[in-house]
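Q:
Protein chains: 2
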Amino acid sequence: MLRWLTSISALILSAFATVPAALAENPVCPGRPILADLRTPAQTSIPAQTSIPEENPAPVPAVPTESQLKWQEAELGAIFHYDIHVFDGRRYVQADNRISPIRDCNIFRPDSLDTDRWILAAKEAGCRFALLTATHETGFGLWQSDVNPFCLKALNWKDGKADIVGDFIESCRKYGLEPGLYIGIRWNSRLGIYNFEPSGEGPAKERRKAWYRDYCERMVRELCTRYGPLFMVWFDGGADDPLTGGPDVEPIFRKYQPDCLFYHNSQRADLRWGGSESGTVGDPCWSAFPTPYSHTRSNESESAHLELLAHGEPDGRYFVPAMADVPLRSGNGRHEWFWEPGDEDNILPLDRLMEIYRGSVGRNATLILGLTPDDRGLLPEPDRKRLAEFGHCIDSLYSHPDAAAAGVGSVHTLKLDKTRKTGCCIISEDTAGGERIRRYRIEARTPQGWKTVCEGRSVGHKRIERFPAVRASRLRLVIAESVGTPSVKQFSAFYDKDYE
Amino acid sequence: MLRWLTSISALILSAFATVPAALAENPVCPGRPILADLRTPAQTSIPAQTSIPEENPAPVPAVPTESQLKWQEAELGAIFHYDIHVFDGRRYVQADNRISPIRDCNIFRPDSLDTDRWILAAKEAGCRFALLTATHETGFGLWQSDVNPFCLKALNWKDGKADIVGDFIESCRKYGLEPGLYIGIRWNSRLGIYNFEPSGEGPAKERRKAWYRDYCERMVRELCTRYGPLFMVWFDGGADDPLTGGPDVEPIFRKYQPDCLFYHNSQRADLRWGGSESGTVGDPCWSAFPTPYSHTRSNESESAHLELLAHGEPDGRYFVPAMADVPLRSGNGRHEWFWEPGDEDNILPLDRLMEIYRGSVGRNATLILGLTPDDRGLLPEPDRKRLAEFGHCIDSLYSHPDAAAAGVGSVHTLKLDKTRKTGCCIISEDTAGGERIRRYRIEARTPQGWKTVCEGRSVGHKRIERFPAVRASRLRLVIAESVGTPSVKQFSAFYDKDYE
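As they're listed, the protein sequences go chains R and F.
Read left to right, the first sequence gives residues 116 to 615 (the numbering used here).
Read left to right, the second sequence gives residues 116 to 615 (the numbering used here).
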């Protein structure tokens with residue numbers, strides 16, 4: 116990984132000399148560029164039809180699409196998990212759920228359902244997008260599907276006419292959050308689909324597999340065509356590999372949702388899972404990745420691959436930014452994506468949430484918090500309250516810097532209005548031209564002179580650096596290594612009262 | 116089989132001497148008697164709690180329930196097959212259909228559906244009951260199921276609110292036919308159930324099997340509780356064996372439909388399939404049968420078992436009368452239970468239908484004709500027309516005997532008004548006391564003296580005997596062998612113009 120890291124100036128020179136056209140169409144995902152033009156930062160207009168030199172690929176950073184930029188700028192989102200077993204009064208055990216068909220879908224009766232209130236609660240936390248499990252592992256669909264009869268049509272509730280996906284998306288738009296959907300097709304306990312595969316053998320299995328492939332594709336078409344532009348579609352556990360008989364959902368998705376983030380199948384991932392459900396990613400955490408997909412069936416459980424997911428690879432040719440996910444109800448050893456009675460005490464405390472925030476958003480990832488509407492159809496008040504506290508805390512800590520700078524180049528200096536106690540800096544790189552910063556340090560001018568307070572490697576969309584508070588009159592970001600000319604959107608200093 | 120047949124008088128004596136209480140509750144199906152009281156014919160009041168002598172079972176005939184008597188008296192019924200593939204425009208291949216899930220249920224749009232007209236067409240043929248495939252091998256349900264979402268709820272047609280089962284039963288009642296349902300649970304291409312078994316292995320299969328068992332039981336509960344008293348429920352291919360993990364539908368059925376005919380599972384069959392789908396049964400054809408069930412998984416394809424189904428066993432301890440079934444569209448080598456385009460030429464011609472009638476109703480079986488509503492939701496006019504011709508032919512041939520007699524005893528004589536040409540007799544036994552006639556002959560008094568015109572063994576509910584027409588002034592039914600005192604409800608003579 117380090118073989119391409121040289122000093123900034125050498126790199127800029129070599130880039131100009133050897134990579135006259137270091138841009139290309141992504142061969143798997145047309146329209147998705149993979150390499151940056153190093154000459155000017157943040158140049159996002161991409162010439163088409165430019166070929167990549169296949170030998171000795173140049174050490175130029177991968178660049179994001181507009182959608183990926185928006186994803187990084189969103190920083191925080193929510194995913195709402197909702198399915199029939201929320202109503203069964205029992206503990207949810209995923210491994211059991213996957214192989215145990217639901218007995219009676221009519222237990223699903225969220226008589227106080229209010230997706231407006233779900234979205235308002237997410238908005239209070241600062242979420243800029245929200246996802247809903249349109250269908251999870253039971254196979255039940257939260258919409259009026261013409262493909263999957265095991266959906267809201269099957270219920271007596273609301274005379275079989277409810278459309279929670281529609282309501283959810285409408286609530287998102289009403290309150291200014293970007294809507295997205297989660298589509299689970301890897302497991303379907305009702306249809307007997309386990310890890311993408313129908314059980315059995317022979318012609319019955321072959322026909323069933325072909326049928327299920329078409330079924331998935333048609334569900335995806337429905338969800339991609341009925342509700343207007345979406346922000347993100349999340350196939351949990353992926354959407355399998357069309358080259359080995361899995362559903363070929365990506366072309367359908369691309370046709371109907373060209374500006375939406377696709378996550379993911381064995382060919383394409385517009386973002387990547389950060390390797391854990393802890394809500395944090397590795398440090399460093401690069402958005403660049405060696406492949407345009409994040410998983411295959413074979414590598415997904417390898418520990419080396421989990422490391423790669425957590426860290427990315429600075430010279431990876433594809434921009435596949437990291438996502439950190441964690442359910443809000445993760446306290447006390449619990450880890451619950453779905454609502455269950457009696458779990459209120461396990462809502463993450465605020466300090467844990469702030470650690471998660473710094474370990475994800477503060478490390479160049481987008482954080483998705485798992486939220487759990489209950490059997491009334493409401494997000495419980497203790498969850499809502501914690502989300503509001505979380506949003507308030509982020510806002511109060513990080514919205515009002517003591518000083519801020521921006522610009523192109525390798526050294527950026529902040530002049531404070533006076534000698535102040537400072538314990539935190541935020542760095543944001545303009546990632547439109549790729550992540551160019553490869554090593555940096557922050558120095559503080561204390562009464563005792565310049566002193567390095569922290570150093571690091573990846574920056575990307577946002578880097579929150581906290582350090583033992585110092586009294587300083589100036590702070591200086593020194594970019595010690597980069598690929599191409601770095602462009603800093605924000606370098607700002609905060610006191611961060613946690614260090615009092 | 117013949118070891119119990121002796122002369123009438125000896126048998127009556129031995130029966131009185133050795134079987135003081137030859138009646139018992141059927142241990143599998145409480146309330147269903149299995150043996151007759153031989154002393155008086157047609158004695159149907161059954162003392163409860165009487166035990167059967169287990170050793171040397173007496174040669175007394177099995178007796179029917181009230182429902183079975185009604186079944187035999189009905190003589191002719193219709194079964195309407197209707198499922199999604201009627202709408203696919205393709206040839207139906209059952210073996211493929213069983214393993215090929217339906218792609219798009221919304222092809223089901225019978226915009227001219229009129230169950231009244233279905234039932235009126237069946238009534239024109241003389242059907243006294245009608246059955247509908249509530250669910251067949253696709254798993255699609257023709258009602259508003261809360262258990263099976265793959266039902267009319269799933270359709271855009273009629274805004275997902277249609278209930279064809281309900282409409283059908285209402286039409287039956289409106290026009291005086293007894294309603295019944297066919298419930299297919301042996302195959303379910305959507306759920307991946309093949310010959311009762313979910314595919315796969317291990318815990319996933321075990322859970323799925325348990326779930327499917329419950330699913331079937333709950334479907335049966337729905338169908339048995341929503342539509343009032345039914346005449347017959349037909350589990351095609353049976354409802355499996357509850358003792359080996361199959362659904363235990365019989366207790367549910369018995370609770371909610373105590374007067375309905377149950378056909379069938381591995382424990383109970385109130386009637387039996389006659390061993391072919393030719394529309395005819397064997398000769399002789401006894402209603403008595405050695406077991407209270409007609410099939411098990413292991414015996415169903417044995418040729419000896421098919422023989423037993425076709426003939427019954429005169430000394431069988433259980434009354435399990437025969438059913439003959441055939442689709443109306445069975446001509447020219449076709450055999451279609453479902454409508455397909457272009458099959459009108461394959462409607463059975465009237466003479467074939469009359470052969471079938473004589474080989475089923477005329478041999479002590481109840482005939483069920485398969486009728487095929489089309490993709491408009493109507494029974495096609497050529498089918499309706501043939502049914503009307505069939506009904507008219509039966510009526511004109513057999514409704515107006517030249518002479519008729521009835522009574523208890525072994526010799527019954529008909530005196531004709533004059534010397535007439537006669538080519539047909541109908542014999543009906545009062546089967547309430549069991550089938551007692553074991554061998555008979557018919558003699559005609561011709562100008563040349565008494566002459567045997569035919570002889571046979573089983574009579575039961577109805578025996579149509581045709582013979583080369585003779586000129587006779589009297590006809591005599593001589594019951595050469597019987598078990599207990601035979602009781603003849605009807606012995607009648609016809610010219611039967613076919614013999615002109």
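Where a beta carbon is used, it is the ideal one built from N, C-alpha and C, also for glycine.
Give the secondary structure of tryptophan 349/F by DSSP, where H, G and I count as helix, E and B as strand, and everything else as coil.
A: On the second sequence, position 234 is the one that residue 349/F refers to. Strand.
Q: Can you find a CB in chain R that lies within less than 8 Å of the CB of arginine 205/F?
A: Along the second sequence, one-based indexing puts residue 205/F at 90. For arginine 205/F, the answer is no, since every Cβ of chain R falls outside 8 Å of its Cβ.
Q: CA-CA distance, arginine 499/R and alanine 236/R?
A: On the first sequence, residue 499/R is found 384 positions in, with the first residue counted as 1. On the first sequence, residue 236/R is found 121 positions in, with the first residue counted as 1. The alpha-carbon atoms of arginine 499/R and alanine 236/R are separated by roughly 5 Å.
Q: Can we say the segment 197-207 of chain R touches the segment 414-429 of chain R, given the rule of at least three CB pairs closer than 8 Å?
A: Output reads no: the segment 414-429 of chain R does not touch the segment 197-207 of chain R.
Q: In angstroms with no decimal places, state the Cα-to-Cα distance between phenylalanine 582/R and lysine 536/R.
A: Against the first sequence, residue 582/R aligns to sequence position 467. Against the first sequence, residue 536/R aligns to sequence position 421. So the alpha carbons of these two residues sit roughly 11 Å apart.
Q: Chain F partners of aspartate 329/R, CB-CB under 8 Å?
A: In the first sequence, counting from the first residue as 1, residue 329/R sits at position 214. Within 8 Å Cβ-Cβ: Arg218.
Q: What is the rounded straight-line gap between the Cα of serine 409/R and the Cα of asparagine 461/R?
A: Within the first sequence, numbered from 1, the residue matching residue 409/R stands at position 294. Within the first sequence, numbered from 1, the residue matching residue 461/R stands at position 346. Approximately 31 Å, taken between the alpha carbons.
Q: Using a 10 Å radius around the Cβ and a threshold of 16 neighbouring Cβ atoms, would you call threonine 340/R buried or exposed?
A: Numbered from its first residue, the first sequence carries residue 340/R at position 225. Exposed, because fewer than 16 other Cβ atoms sit within 10 Å of the Cβ of threonine 340/R.
Q: For the candidate residues Gly390/F, Gly291/F, Glu544/F, Thr250/F, whose alpha-carbon lies nearest to that of arginine 301/F?
A: Position 186 of the second sequence, counted from the first residue, corresponds to residue 301/F. Here the closest residue by C-alpha is Thr250/F.
Q: How many angstroms separate the CA atom of alanine 595/R from the CA atom of tryptophan 565/R?
A: For the purposes of this step, residue 595/R is identified with residue 480 of the first sequence, where counting begins at 1. For the purposes of this step, residue 565/R is identified with residue 450 of the first sequence, where counting begins at 1. One C-alpha to the other measures close to 16 Å.
Q: Give the DSSP-derived three-state secondary structure of phenylalanine 283/F in the structure shown.
A: Numbered from 1 along the second sequence, position 168 holds the residue referred to as residue 283/F. Residue state, collapsed to three classes: helix.
Q: Assign cysteine 144/R to buried or exposed, taking buried as 16 or more other Cβ atoms, counted over all protein chains shown, within 10 Å of its Cβ.
A: By 1-based counting over the first sequence, the position of residue 144/R is 29. Confidence at cysteine 144/R is low in this model, with a pLDDT of 45, below 50, so the placement of that residue should be treated as unreliable; the coordinate-derived value is given next. So cysteine 144/R counts as buried.
Q: Tell me the DSSP secondary structure of histidine 527/F in three-state form.
A: Indexing the second sequence from 1 puts residue 527/F at position 412. Residue state, collapsed to three classes: strand.
Q: Find the nearest neighbour of valine 476/F within the set Arg206/F, Arg467/F, Ile579/F, Pro264/F, judged by alpha-carbon distance.
A: Your numbering for residue 476/F matches position 361 in the second sequence. Nearest C-alpha to valine 476/F: Ile579/F.
Q: Output needed for phenylalanine 606/F: all residues of its chain with C-beta closer than 6 Å, excluding positions within five of it in sequence on either side, in chain order.
A: If you number the second sequence from 1, residue 606/F lands on position 491. Counting only Cβ-Cβ distances below 6 Å, and skipping sequence neighbours, we find Ala520, His527, Ile542, Leu592.
Q: Looking at the secondary structure, which residues open and close the alpha helix (DSSP H) in which tryptophan 186/F lies?
A: As a working mapping, residue 186/F is identified with position 71 in the second sequence. Segment 181-189, the alpha helix (DSSP H) holding tryptophan 186/F.
Q: Can you check whether the C-beta of leucine 423/R is within less than 8 Å of a C-beta belonging to chain F?
A: Counted from its first residue, the first sequence places residue 423/R at position 308. By this cut-off, leucine 423/R is not an interface position.
Q: According to DSSP, is serine 588/R helix, strand or coil?
A: Locating residue 588/R in the first sequence gives position 473, where the first residue counts as 1. In the structure shown, serine 588/R sits in a strand (DSSP, three-state: E or B).
Q: Beta strand (DSSP E) containing glycine 378/F: first to last residue?
A: As a position in the second sequence, residue 378/F is number 263, starting the count at 1. In the sequence on display, residue 378/F carries tyrosine and not glycine. Taken as a continuous stretch (DSSP letters only), the beta strand (DSSP E) holding tyrosine 378/F covers 376-378.
Q: Quick one: grab the DSSP three-state call for serine 543/F.
A: Here residue 543/F refers to the residue found at position 428 of the second sequence. Of the three classes helix, strand and coil, the one that applies to serine 543/F here is strand, per DSSP.
Q: Rounded C-beta distance between proline 488/F and tryptophan 272/F? I'm assuming under 8 Å.
A: As a working note, residue 488/F is residue 373 in the second sequence. As a working note, residue 272/F is residue 157 in the second sequence. Their Cβ separation, rounded to whole angstroms, is 14 Å, which puts proline 488/F and tryptophan 272/F out of contact at 8 Å.
Q: In three-state DSSP terms, what is glycine 599/F?
A: Sequence index remark: in the second sequence, residue 599/F carries index 484 (1-based). Reduced to three states, the DSSP call for glycine 599/F is coil.
Q: Assuming tryptophan 233/F is part of the alpha helix (DSSP H), what are its boundary residues?
A: Start at 1 with the first residue of the second sequence, and residue 233/F comes out as number 118. First-last of the alpha helix (DSSP H) with tryptophan 233/F: 230-240.
Q: Pull up the DSSP beta-bridge partners for glutamate 293/F, would you.
A: Residue mapping note: residue 293/F aligns to position 178 of the second sequence, counting from 1. Phe244/F.
Q: 8 Å is my cut-off, CB to CB: does glycine 446/F come that close to chain R?
A: Residue mapping note: residue 446/F aligns to position 331 of the second sequence, counting from 1. For glycine 446/F, the answer is no, since every Cβ of chain R falls outside 8 Å of its Cβ.
Q: Could you please give the first and the last residue of the uninterrupted alpha helix (DSSP H) stretch that includes isoleucine 621/F?
A: Outside the displayed range of chain F (116 to 615) lies residue 621/F, so it cannot be described from this structure.
Q: Taking DSSP as the reference, what is the three-state secondary structure of isoleucine 222/R?
A: Taking the first residue of the first sequence as position 1, residue 222/R is located at position 107. Here isoleucine 222/R sits in helix by DSSP.
Q: Give me the residue from Thr546/F, Gly485/F, Leu465/F with the minimum Cα distance to histidine 507/F.
A: Residue numbering aside, residue 507/F sits at position 392 when the second sequence is read from its first letter. Residue Leu465/F is the option with its Cα nearest to histidine 507/F.
Q: Determine the direct distance from the alpha carbon of arginine 572/F to that of glutamate 284/F, and round the result to whole angstroms.
A: Mapped onto the second sequence, residue 284/F falls at position 169. Mapped onto the second sequence, residue 572/F falls at position 457. Position check: residue 284/F holds isoleucine in this sequence, whereas glutamate was assumed. Isoleucine 284/F and arginine 572/F: Cα-Cα distance of roughly 38 Å.
Q: Using the Cβ count rule (16 or more neighbours within 10 Å means buried), how would you classify glycine 448/R?
A: Along the first sequence, one-based indexing puts residue 448/R at 333. The residue in question, glycine 448/R, is exposed, as its Cβ has fewer than 16 Cβ neighbours within 10 Å.
Q: Can you check which of these residues, Asn263/R, Glu239/R, Gly256/R, Phe244/R, is closest to arginine 218/F by C-alpha distance?
A: Counted from its first residue, the second sequence places residue 218/F at position 103. Residue Asn263/R is the option with its Cα nearest to arginine 218/F.
Q: Going by DSSP in three states, tryptophan 388/R sits in which element: helix, strand or coil?
A: Residue 388/R sits at position 273 when you count from the first residue of the first sequence. Here tryptophan 388/R sits in strand by DSSP.
Q: Is the Cβ-Cβ distance between leucine 376/F and aspartate 363/F less than 8 Å?
A: Numbered from 1 along the second sequence, position 261 holds the residue referred to as residue 376/F. Numbered from 1 along the second sequence, position 248 holds the residue referred to as residue 363/F. Not in contact: leucine 376/F and aspartate 363/F (Cβ atoms no closer than 8 Å).
Q: Does the segment 436-444 of chain R come into contact with the segment 205-213 of chain R, if we say contact requires no fewer than three beta-carbon pairs (one atom in each stretch) closer than 8 Å?
A: Cβ pair count under 8 Å is below three, so no.
Q: Could you check where the alpha helix (DSSP H) with isoleucine 509/R kicks off and where it finishes?
A: Position 394 of the first sequence, counting from 1, holds the residue named residue 509/R. It spans 496-513 - the alpha helix (DSSP H) in which isoleucine 509/R sits, taken as one unbroken run.
Q: If you reduce the DSSP assignment to three classes, tell me which class serine 418/R lands in.
A: Looking up residue 418/R in the first sequence gives position 303. Correct three-state label for serine 418/R: helix.
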